Amino acid sequence: MLASLFRPLLRALRRRFGNEDGVIAVETVVITPFLLMGLLFSFEYYDMFRQQSLMEKATYTVTDALSRENGVIDDTYIDNLKTTFDMMVGARNPTQLRVSVVRFHAAAGGSYELRWSEVRGTGELIPLTQAHMDELGPSLPIMINGQDLILVESTNLHRPLVTNGLVSDQQMNSRMFMTLRFASQLCFVGVCTPTS
Numbered sequence: 079m080l081a082s083l084f085r086p087l088l089r090a091l092r093r094r095f096g097n098e099d100g101v102i103a104v105e106t107v108v109i110t111p112f113l114l115m116g117l118l119f120s121f122e123y124y125d126m127f128r129q130q131s132l133m134e135k136a137t138y139t140v141t142d143a144l145s146r147e148n149g150v151i152d153d154t155y156i157d158n159l160k161t162t163f164d165m166m167v168g169a170r171n172p173t174q175l176r177v178s179v180v181r182f183h184a185a186a187g188g189s190y191e192l193r194w195s196e197v198r199g200t201g202e203l204i205p206l207t208q209a210h211m212d213e214l215g216p217s218l219p220i221m222i223n224g225q226d227l228i229l230v231e232s233t234n235l236h237r238p239l240v241t242n243g244l245v246s247d248q249q250m251n252s253r254m255f256m257t258l259r260f261a262s263q264l265c266f267v268g269v270c271t272p273t274s
């Protein structure tokens, strides 16, 4: 008799919990925000790595152009290099470019002499001084005595397209160095005169 009292209640509970109508709609509502966030994060990180890759390619291109130069370069030449760099990077935010020429001296264990340094764009980069050579020395290659090295550094502040609290502004830096290809030195106006 007791079992017959609970039978209708058990049947009602089975019908209630056995009903699967609307489960897909609930799952969709729960999972869609996570899918959209994952897609957004993927896009943001892809864009950040794409921007870094473009910066490195543009920095290499500027360095390569300078390494092939055998005349005296001036402010206009470096301004045009900065314009080319900006076009290649396609940055949404301001970029900065520092071009320096360093000479290696093999005496006394090897030291670097700053020949000249120029900066274009606004940001944290300043023209290098001889005092900076002690800091940069370990990261530069050892070369032949008296050989010049072109050092090009670039920066760009990458701001995410969508601010979400997890991906913040990233300062991207790139550094490239290369020896001269066709001349013994790369001269800037008023610093030196090229030798043939």
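Under my numbering, the first residue of the sequence shown is numbered 79, with each subsequent residue one higher. Just so you know, even glycine gets a beta-carbon here, dropped at the ideal spot from N, CA and C. Keep in mind that this is a model prediction, so the values were computed, not measured.
Just to confirm, is the Cβ distance from residue i to residue j under 8 Å?
i	j	result
Met-133	Ser-217	no
Ile-228	Ser-131	no
Val-197	Leu-264	no
Gly-149	Leu-175	no
Pro-238	Glu-147	no
Leu-117	Val-240	no
Met-256	Thr-141	yes
Could you check how far apart the C-beta atoms of residue i and residue j are, in whole angstroms? I think they sit under 8 Å.
i	j	result
His-236	Met-115	With 8 Å as the limit, His-236 and Met-115 do not qualify as a contact, their Cβ atoms being about 20 Å apart.
Met-166	Thr-207	The Cβ separation is near 29 Å, so there is no contact.
Within 10 angstroms of its Cβ, does residue i collect 16 or more other Cβ (buried), or is it exposed?
i	result
Gln-249	exposed
Ile-151	buried
Phe-163	buried
Ala-136	buried
Thr-154	exposed
Phe-182	buried
Tyr-190	buried
Asp-226	buried
Val-267	exposed
Ser-246	exposed
Asn-158	exposed
Thr-161	exposed
Asn-234	buried
Thr-173	buried
Val-230	buried
Ser-252	buried
Looking at the unbroken alpha helix (DSSP H) that takes in residue i, where does it start and where does it end?
i	result
Phe-163	153 to 167
Check residue i in the structure and name its three-state DSSP category.
i	result
Met-299	Only positions 79 to 274 of the chain appear in this structure, which leaves residue 299 out of reach.
Thr-276	Nothing can be reported for residue 276: it is not among the residues displayed for the chain, which extend from 79 to 274.
Arg-181	strand
Arg-193	strand
Met-250	strand
Arg-198	strand
Within the continuous beta strand (DSSP E) that includes residue i, where are the two ends?
i	result
Leu-229	226 to 236
Glu-213	Per DSSP, Glu-213 belongs to no beta strand (DSSP E); it is in the alpha helix (DSSP H), 210 to 214.
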